Structure formats: structure tokens, C-alpha cells
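J.:
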Amino acid sequence: MSFAAQILTLYPEMFPGPLGVSLAGRALAEGKWSCDPIQMRGFATDKHRTVDDTPAGGGAGMVLKPDILARGIDHALAQRPDLPILAMTPRGKPITQARIRALADGPGVTLLCGRFEGFDERIFDARPIEQISMGDIILSGGEMGALMLLDACIRLLPGVMGAASSGVEESFETGLLEYPHYTRPVEWEGRRIPEVLRSGDHAKIAAWRKQQAEADTRLRRPDLWERHIGVRDQSPSGAQRENKD
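Below, the structure written as C-alpha cells:
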């Protein structure tokens, strides 16, 4: 069975969007995944198809109504009860590559795209929804985050990437940023490819790449580095040994 993507959104025309080209587009045409955008306004009952209202307690903006959200979610659950439901919101837990890989290994995902000031909080108590953030940024709506999440999943599906190893030695897969890459010409604007990469010595190349990945992670993403050394220094008994770095 292919990976199924259901997207609850006010802008279904945004899908598949960029996911209709390149690797994801080819995989869609080949049936490796399916894209089903669902217009949330279709679950409104008034003649204006109203989906939002003013915030309780006052304040700027509008909030998506829980009754509209619930009807949309229940529709998606009736179609695919096996799919986890993820709400795209900056209040959610930051997504990780491990979570992406787990989703890609499953039957698919139902994505709930926020707009305006976000969701009525009661929907998260009433329905089985995982709140996900794509980073410490604010977008106009959840659609762009949903596209990012789907792209991250689709590229991991069997047969989507040309080489099975392409998805393994990459940033975040090992808890580190990926090592730097080079290609021809050997010299460009006075800058040469590191000689070790031209040595043909695979052990030396592997060691160099590991050192570069660790150095770049330590410099650019100290948060990742701290987590990495915490895992690395964990003994089988669960005790932490003193960090000598």
C-alpha cells in the first residue's frame, strides 16, 4: 500500500504544489504516495462557510472553530482511521528526523493546517492529534510546514531516492550535521578539494568526514552537539561518564 497524505486545509490548491515535481512528483505519478487535500470550509454549516471566530477574552486575529475542525477531522478519520493526525502549529513539539523516519515507515499521515491565530485549544483534548512545529519560525499557515513534512517523508519511501544510501549519511540522521561535500573542478578560484578526498584511502576519508561532521556540529549547532555527546557518553547501565572533551 502506498503512503497516504490527507491534508485538512483552507487552501487545497496548494497541494501537491512543489511535491508534484522532481522526486516527489515522480513518486506520486508512480503511485508510491497519494495526495488528498480536503477543504475545511466544506464542513461549515452557514451560508458564508465560516470557519473562524474572534478570540475568547479579546485580542487580534481569528481562531479556527472547534466544531468545524472536529467535523473535518472526523471525516479524515472515517476515510483513513489508521493514519496519525498531526497539527502544524508553532506551539507543537519540534519535528525530528527520527519522527520523520517513523512516519515514512507507516501508512501515511493526516495533516491539519492552521491559519489565522491558530486552533481552538479544545480540539486537542477532543481528538487524537499530535502537535508538530517545523522550527522556531512563524508562517502564514500550516500549509508550507505540511509541504516540508511531506517532502521529508516521501524522499524516504522505498524506491524514491536513486541510491538507498542517499538518505543515511545526511544531517540529523546520525545526530550530527553532515560533512561538507566537494566535486570537480579540483581547483576553483584558488580553492582546492581537500587532498584526503582524492587519496582513494577509504578509511582516511571516513575518518576525515566524521571529524568534519563533529567539528561543524559543535561549532554551528551546539544544541545538537550536546545531545550527541550525551548519547555517546551514556554507559550500558545508564550512568553518565565524565565528559573529557
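Just so you know, we're using the UniProt record's numbering here: the sequence shown kicks off at 1 and counts up by one.
A virtual CB, placed ideally from N, CA and C, is assigned to each residue, including glycine.
Since the model is a prediction, treat every value here as computed from it, not as a measurement.
Taking 9 Å as the cut-off, decide whether the C-beta atoms of Leu86 and Leu64 are in contact.
T.: Translated into positions along the sequence shown, residue 86 becomes position 86. Translated into positions along the sequence shown, residue 64 becomes position 64. Taking 9 Å as the Cβ cut-off, Leu86 and Leu64 do not qualify as a contacting pair.
J.: Whose C-beta lies closer than 7 Å to the C-beta of Gly135 among residues of the same chain, with five residues either side of it excluded?
T.: Here residue 135 refers to the residue found at position 135 when the sequence shown is read from its first residue. Pro94, listed in sequence order.
J.: Grouping DSSP H, G and I as helix and E and B as strand, with all else coil, what is Glu214?
T.: In the sequence shown, counting from the first residue as 1, residue 214 sits at position 214. Glu214: helix per DSSP, three-state reduction.
J.: Quick check: the Cα distance between Ile205 and Glu178, rounded to an integer number of angstroms?
T.: Taking the first residue of the sequence shown as 1, we reach residue 205 at position 205. Taking the first residue of the sequence shown as 1, we reach residue 178 at position 178. Distance between the alpha carbons of Ile205 and Glu178 is about 14 Å.
J.: For Ala203, count the other beta carbons within 10 Å of its own beta carbon; 16 or more makes it buried, fewer makes it exposed. Which is it?
T.: Taking the first residue of the sequence shown as position 1, residue 203 is located at position 203. With fewer than 16 other Cβ atoms within 10 Å, it is exposed.
J.: Thinking C-beta only, is Glu117 closer than 9 Å to Ala60?
T.: Locating residue 60 in the sequence shown gives position 60, counting from the first residue. Locating residue 117 in the sequence shown gives position 117, counting from the first residue. Against a cut-off of 9 Å, the Cβ pair of Glu117 and Ala60 comes out as a contact.
J.: Pull up the distance between the alpha-carbon of Asn176 and that of Pro194, whole angstroms please.
T.: For this step, residue 176 is matched to residue 176 along the sequence shown. For this step, residue 194 is matched to residue 194 along the sequence shown. The question names Asn, but residue 176 in the sequence shown is Leu. Roughly 21 Å separates the two Cα atoms.
J.: Under 8 Å Cβ to Cβ from Ala27, same chain only, skipping five residues before and after it: list those, please.
T.: Locating residue 27 in the sequence shown gives position 27, counting from the first residue. Same-chain partners within the cutoff: Trp33, Ile154, Leu157, Gly159, Val160.
J.: If we count the other Cβ atoms within 10 Å of its Cβ and call it buried at 16 or more, is Asn243 buried or exposed?
T.: Sequence index remark: in the sequence shown, residue 243 carries index 243 (1-based). Because Asn243 sits at a pLDDT of 47, beneath the cut-off of 50, its placement in the model cannot be relied upon, and the point is left open.
J.: Between which two residues does the beta strand (DSSP E) harbouring Glu130 extend?
T.: Translated into the one-based positions of the sequence shown, residue 130 becomes position 130. Where Glu130 is concerned, the enclosing beta strand (DSSP E) stretches over 129 to 133.
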